[in-house]
Amino acid sequence: MNITGKLALKMLARGIRNKFEEKPLSVSFEITHYCTANCWHCNWGGPVKDERRLQAEDYARICDELRPVVSHISGGEPLARSDVVDITRAMANPGDLPWMVLVSNAASLTVEKYHKLREAGINQFSISLDFPDDRHSEFRRIPGLFDKMSRVLPEIIRLGNNDLSLNVCITAWNYRDLAGMVDLAKRWGTKINFSVYTPLRIRDENGLPDKAKLEEVRDAFQQVIDMKKAGYPVYSSERVLWKYFQFLTDRGIPGCQAGSRFLVINPDGILIPCAMVWAKYETQREMLERFTRNNICEGCYISTRANTEKRFGDFLADNWEVLLGQVFSRKGKFVKEPDEAPAVGTGEVEEPVPEGGPVPAQ
Ligand SMILES: C[S@@+](CC[C@H](N)C(=O)[O-])C[C@H]1O[C@@H](n2cnc3c(N)ncnc32)[C@H](O)[C@@H]1O
Ligand code: SF4
């Protein structure tokens with residue numbers, strides 16, 4: 002993550018302020034529910050009939066009102082909207098917050114489109130990955146997708162902007178391939194972030210590893226953690242990875258703060274607490290009062306939840322190296338401003354600065 006010390010401090014300050022004012026740390030703008038893929042684990046896929054969509058300036062107005070630390074442009078597939086660059090430009094404040102993350106399946110990502118989106122204000126490209134080989138194309142039901150990603154992503158990564166990372170949803174289908182995906186991230190020269198499957202999207206428990214396989218799953222998690230300790234580019238902290246394992250074991254994690262720490266904007270501008278719960282609200286205040294205060298759902302523990310619900314101590318423990326690297330140079334000096342600054346810190350996609358500070362997708 003290419004971020005200046007000044008911006009890291011702004012993230013921290015806005016995160017703390019938003020926590021006290023019950024404003025979200027992270028808002029996901031699902032600008033279309035149409036999708037170019039049709040993944041096994043997802044409720045979206047293909048066209049959506051009569052979708053009502055807002056225009057760029059409408060999303061920008063909502064973004065200004067909610068004032069999140071991090072804004073995700075997501076979907077469905079956000080690159081399927083021809084005005085995605087205009088939407089980005091309207092929402093972004095280059096050099097300032099919100100930290101802008103594009104969450105994409107990369108099927109239509111090109112180096113040219115990357116440059117346009119980056120110039121318009123995308124800070125982080127979070128690209129979904131489910132397998133370290135062509136099974137990814139099969140899972141996403143886009144023939145040739147993995148080959149295409151293998152050509153385009155390394156080309157973007159080689160530009161050296163340190164703004165692209167892979168985003169893996171851990172499922173019953175891919176837990177044996179986690180180490181292979183970490184290895185792929187290293188070969189491509191980028192970072193990898195993990196999230197965990199929720200059955201809520203498609204009402205399918207088959208995406209959760211069978212209880213009899215949990216020892217095998219634990220070994221797969223341990224292998225990722227060992228690789229992280231050995232210097233492989235894993236963004237997710239050890240603590241968060243074990244919480245994912247706990248979710249798979251207990252089939253739930255209580256204390257969800259959807260609506261307060263994070264929320265989702267539908268293509269038509271309606272607010273929903275998360276992509277899995279279709280309780281619709283006009284304002285965040287209404288959502289807090291009518292949903293969040295009474296919410297007892299524990300059916301997901303996706304990366305956004307894991308990273309925005311961190312306690313301050315856990316946040317510091319997970320990020321202190323990155324924060325120190327971002328705020329101070331090696332010699333203990335404040336880092337310089339963008340045009341003269343070297344890329345500092347490592348950070349990640351979907352969570353630049355969580356819980357009162359730096360947060361990245363889902
Ligand atoms: C819904 S997609 C939208 C953005 C884009 N189309 C993509 O695939 O990256 C956002 C993320 O949600 C993840 N996802 C989809 N279904 C999920 C599920 N059942 N549980 C957890 N994450 C899921 C995807 O893997 C993806 O990383
Ligand atoms: S996970 Fe993303 S790419 Fe796959 S169907 Fe859902 S929205 Fe589309």
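Note that the numbering used here numbers the sequence shown so that position 323 is 324, with each residue one more than the last. Glycine is no exception: its CB is placed at the ideal position from the N, C-alpha and C atoms.
Taking only heavy atoms of ligand 1 into account, decide whether any of them is closer than 8 Å to the Cβ of Gly-47. Relative to ligand 1, the beta carbon of Gly-47 is positioned no closer than 8 Å to any heavy atom.
Tell me the rounded alpha-carbon separation between Asp-131 and Leu-185. Straight-line Cα distance between these residues: approximately 12 Å.
Is it the case that the CB of His-73 approaches a heavy atom of ligand 2 more closely than 8 Å? For His-73, the Cβ stays outside the 8 Å cut-off from all heavy atoms of ligand 2.
Can you tell me which of the three DSSP states Met-228 falls into? Helix at Met-228.
If you draw a straight line from the C-alpha of Lys-334 to the C-alpha of Asn-3, how long is it? Unreliable positioning characterises Lys-334 in this predicted model, as indicated by a pLDDT of 36, which lies under 50. The coordinate reading is nonetheless provided below. Rounded to whole angstroms, the gap between the alpha carbons of Lys-334 and Asn-3 is 17 Å.
Bounding residues of the alpha helix (DSSP H) (the contiguous stretch that carries His-116): 112-121 is the span of the alpha helix (DSSP H), which, as asked, contains His-116.
In terms of alpha-carbon separation, which member of Val-169, His-34, Asn-39 lies closest to Asp-51? Comparing Cα positions, the closest option is His-34.
By Cβ distance below 6 Å, which residues in the same chain neighbour Gln-224 in space, the five residues on each side in sequence not counted? Excluding sequence positions up to five before and after Gln-224, its CB lies within less than 6 Å of the CB of Ala-180, all in the same chain and listed in chain order.
Nearest by alpha-carbon distance to Asn-106: which of Leu-165, Ala-121, Cys-64 is it? The shortest Cα separation from Asn-106 among Leu-165, Ala-121, Cys-64 belongs to Leu-165.
Ligand 2 heavy atom lying under 8 Å from the CB of Arg-38: The sequence given here places Ala at residue 38; Arg does not occur at that position. With a cut-off of 8 Å, the C-beta of Ala-38 is classified as near ligand 2, since at least one heavy atom of the ligand falls inside that distance.
Contact belief for Leu-167 with Ile-128 at Cβ below 8 Å, rounded distance in angstroms: Your pair Leu-167 and Ile-128 checks out as a contact, with CB atoms roughly 6 Å apart and the cut at 8 Å.
Does the distance between the C-beta of Asn-106 and the nearest non-hydrogen atom of ligand 1 fall short of 8 Å? Under cutoff, so the answer is yes.
Could you tell me if the beta carbon of His-42 falls within a distance shorter than 8 Å of some heavy atom in ligand 2? Result yes, Cβ under 8 Å from ligand 2.
Give a single yes or no on whether Tyr-198 has its beta carbon closer than 8 Å to a heavy atom of ligand 1. Result yes, Cβ under 8 Å from ligand 1.
Between the Cα of Pro-69 and those of Cys-40, Val-153, Leu-55, Ser-261, spot the shortest distance and give me the residue it belongs to. Checking every option, the nearest Cα to that of Pro-69 belongs to Ser-261.
One question on the structure: do Asn-201 and Gly-300 come within less than 9 Å of each other, judged by their Cβ atoms? It should be noted that the sequence gives Leu, not Asn, for residue 201. In this structure, Gly-300 lies closer than 9 Å to Leu-201 by Cβ.
If distances are taken between C-alpha atoms only, which option among Gly-16, Trp-45, Leu-10, Arg-15 comes closest to Arg-204? Selected option, being the one with the closest Cα: Trp-45.
Specify, as a first and last residue, the run of the beta strand (DSSP E) that Val-125 falls within. Checking the sequence, you will find Gln at residue 125 rather than Val. Looking at the DSSP string, the run of the beta strand (DSSP E) that includes Gln-125 is 125-129.
Using a 10 Å radius around the Cβ and a threshold of 16 neighbouring Cβ atoms, would you call Asp-220 buried or exposed? It counts as exposed.
Mapping DSSP to helix, strand and coil, what is Ala-81? Here Ala-81 sits in helix by DSSP.
Is any heavy atom in ligand 1 found nearer than 8 Å to the beta carbon of Glu-78? Yes, ligand 1 has a heavy atom inside 8 Å of this Cβ.
What do you get for Gln-1, buried or exposed, if any count of 16 or more other CB atoms within 10 angstroms of its CB means buried? Nothing can be reported for residue 1, as the shown portion of the chain is limited to 2 through 363.
Apart from the five residues on each side of it in sequence, which residues of its chain come closer than 6 Å, Cβ to Cβ, to Arg-53? If the five residues before and after Arg-53 are omitted, its C-beta is found closer than 6 Å to the C-beta atoms of Asp-269, all from its own chain and listed in chain order.
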